[in-house]
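**Student:** One structure follows; several queries about it will come next.
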């Protein structure tokens with residue numbers, strides 16, 4: 001692959017990022033739009049198709065640094081094993097993306113290795129994450145609005161499950177609402193086969209408040225399943241409705257101080273809808289819906305308010321977020 005950049009004219013907005021103007025053949029980097037502990041996301045221009053693309057670079061910043069020739073270098077030789085494990089997960093994400101053609105799942109364009117690391121290219125999705133929406137436009141959220149969001153989103157999650165995959169990292173950060181109001185489920189980097197278990201060396205992605213108990217331990221054989229993603233989605237809904245995530249699951253497992261939504265007298269929400277979310281957030285696996293097909297009838301309760309999101313069209317035009325989206329998450 002051709003790579004070129006002008007070190008005098010192109011300056012990176014982030015210390016470890018590739019410089020603006022760097023090219024991967026027809027892809028020219030225009031901006032850095034996301035940076036997390038495991039990667040950087042660039043907005044680039046595809047000169048062959050004359051369209052914007054997103055490029056995700058595997059860059060675990062805690063264990064690597066960027067050399068002058070732009071290749072990555074381990075901060076210490078002992079980090080070699082950790083780097084390879086993360087690279088394997090990154091490559092797995094690319095493979096998973098090639099398996100699906102769904103409007104609410106990231107569309108794969110290309111995967112390649114260069115600069116002693118790897119890259120994934122996808123379309124550039126314009127919109128905002130639910131995290132941004134929840135912070136800035138909380139009044140947008142109503143039961144009707146959530147039901148419109150959930151319909152395609154549940155279908156996307158079920159598509160993963162039916163193919164034998166779990167997402168394992170559903171959160172406000174990883175759901176993007178496009179300008180056309182269609183959600184995209186981002187970041188398949190933590191996704192894995194339902195029958196696949198982590199080795200002792202692999203890291204577990206956890207998000208306090210969103211990660212179910214069974215996901216905190218790498219080798220919980222037979223415990224993780226569709227119900228694990230359902231718990232995380234329930235935490236997303238809980239946060240959008242009340243403004244905060246539920247208590248951390250492993251703490252709840254010791255002393256459960258979760259206040260059911262059905263007991264909070266929330267105006268504008270049906271009890272059956274709130275009860276469905278409470279069931280999604282059950283600590284005991286047996287008390288959660290076991291599949292998306294079991295969840296859907298519970299979610300489809302009577303609509304309380306008309307579908308008039310007051311600020312949605314405005315908020316969507318104020319932010320540009322790309323897919324796959326890279327955010328820091330806690331690791332165990």
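Numbering (full-length UniProt numbering), first residue to last: 1 to 332. Beta carbons: idealized from backbone N, C-alpha and C, even for Gly. Small disclaimer: the values here were computed from a predicted structure and weren't measured.
Is residue 193 helix, strand or coil when you go by DSSP?
**Tutor:** As a first step, residue 193 must be located in the chain shown, where it is residue number 193. Three-state DSSP puts residue 193 in a strand.
**Student:** Where residue 283 and residue 83 are concerned, what is the direct C-alpha to C-alpha distance, given to the nearest angstrom?
**Tutor:** Indexing the chain shown from 1 puts residue 283 at position 283. Indexing the chain shown from 1 puts residue 83 at position 83. Those two C-alpha atoms are separated by around 33 Å.
**Student:** Taking the Cβ atom as the reference point for each residue, do residue 141 and residue 240 lie within a distance shorter than 7 Å?
**Tutor:** Indexing the chain shown from 1 puts residue 141 at position 141. Indexing the chain shown from 1 puts residue 240 at position 240. Contact: yes.
**Student:** Who does residue 35 pair with in a DSSP beta bridge?
**Tutor:** Here residue 35 corresponds to residue number 35 of the chain shown, with the count starting at 1. Per DSSP, the beta-bridge partners of residue 35 are 40.
**Student:** Compute the Euclidean distance between the alpha carbons of residue 165 and residue 76, then round it to the nearest angstrom.
**Tutor:** Sequence index remark: in the chain shown, residue 165 carries index 165 (1-based). Sequence index remark: in the chain shown, residue 76 carries index 76 (1-based). Residue 165 and residue 76: Cα-Cα distance of roughly 34 Å.
**Student:** According to DSSP, is residue 23 part of a helix, a strand, or is it coil?
**Tutor:** Here residue 23 refers to the residue found at position 23 of the chain shown. Three-state result, residue 23: strand.
**Student:** Would you identify the three-state DSSP class for residue 58, choosing helix, strand or coil?
**Tutor:** Translated into positions along the chain shown, residue 58 becomes position 58. Residue 58: strand per DSSP, three-state reduction.
**Student:** Which of helix, strand or coil does DSSP assign to residue 49?
**Tutor:** Working through the chain shown from its first residue, we reach residue 49 at position 49. Residue state, collapsed to three classes: coil.
**Student:** Per the DSSP calculation, residue 185 is bridged to which residue(s)?
**Tutor:** One-based indexing of the chain shown puts residue 185 at position 185. Note: residue 185 sits in a beta bridge opposite 175.
**Student:** With a threshold of 7 Å on Cβ separation, who are the neighbours of residue 70 within its own chain once the five nearest residues in sequence on each side are excluded?
**Tutor:** Translated into positions along the chain shown, residue 70 becomes position 70. Taken in chain order, the residues that qualify are 18, 115.
**Student:** Would residue 209 pass as a contact of residue 248 if the rule is Cβ separation under 7 Å?
**Tutor:** As a first step, residue 209 must be located in the chain shown, where it is residue number 209. As a first step, residue 248 must be located in the chain shown, where it is residue number 248. Their beta carbons are under 7 Å apart, which means residue 209 touches residue 248 by this criterion.
**Student:** Check residue 121 in the structure and name its three-state DSSP category.
**Tutor:** For the purposes of this step, residue 121 is taken as the residue at position 121 of the chain shown. Strand, per DSSP.
**Student:** Report yes or no: do three or more beta-carbon pairs, one from the region 180-194 and one from the region 248-257, lie closer than 8 Å?
**Tutor:** No, because fewer than three Cβ pairs between the region 180-194 and the region 248-257 fall closer than 8 Å, the two stretches do not touch.
**Student:** Tell me whether the beta-carbon of residue 106 lies closer than 7 Å to the beta-carbon of residue 122.
**Tutor:** Numbered from 1 along the chain shown, position 106 holds the residue referred to as residue 106. Numbered from 1 along the chain shown, position 122 holds the residue referred to as residue 122. Against a cut-off of 7 Å, the Cβ pair of residue 122 and residue 106 comes out as a contact.
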